[in-house]
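Numbering (my numbering), first residue to last: 7 to 107. Virtual Cβ for every residue (Gly too), placed ideally from N, Cα, C. Here the structure is a predicted model, which is why all the values come from computation and not from measurement.
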């Protein structure tokens, strides 16, 4: 498991999740994830710093930072991709959520 790996989580309202947990914490039994919602299904009231739009190979997605949460490893399965190229936007959104800047 690697930071910024993508997972499809069956049974969730927004099934595409990005792992944002530090790699050196792999021994924990859970991962911190943020859902990625397809842009066309996202509400119009986007806050760009908190909920940036990320362009992936399969389309544009909104990082639903306020919905950050923990999932058990058992529920993740194999990664379906990695979006480390968006690390700056993702990290800035998390900082904005917790620090306000």
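Exercise. Label residue 86 either buried or exposed according to how many other C-beta atoms from any shown protein chain fall within 10 Å of its C-beta, with 16 as the threshold for buried.
Key: exposed
Quiz prompt | Backbone secondary structure at residue 40 - three-state DSSP | solution = strand
Quiz item: Would residue 69 be called buried (16 or more neighbouring beta carbons within 10 Å of its own) or exposed?
Solution: buried
Quiz prompt | Beta-carbon spacing of residue 42, residue 13 below 8 Å | solution = no
Self-check item: Candidates 11, 82, 100, of which the one nearest residue 58 by Cα
Solution: 100
Quiz item: Assuming residue 102 contacts residue 56 under a Cβ cut-off of 8 Å, what Cβ separation, rounded to an integer in Å, is found between them?
Solution: 5 Å
Exercise. Classify residue 66 as helix, strand or coil using the three-state DSSP reduction.
Key: strand
Self-check item: With 16 other Cβ atoms within 10 Å as the buried cut-off, status of residue 104
Solution: exposed
Exercise. Please name the residue or residues paired with residue 23 in a DSSP beta bridge.
Key: 13, 41
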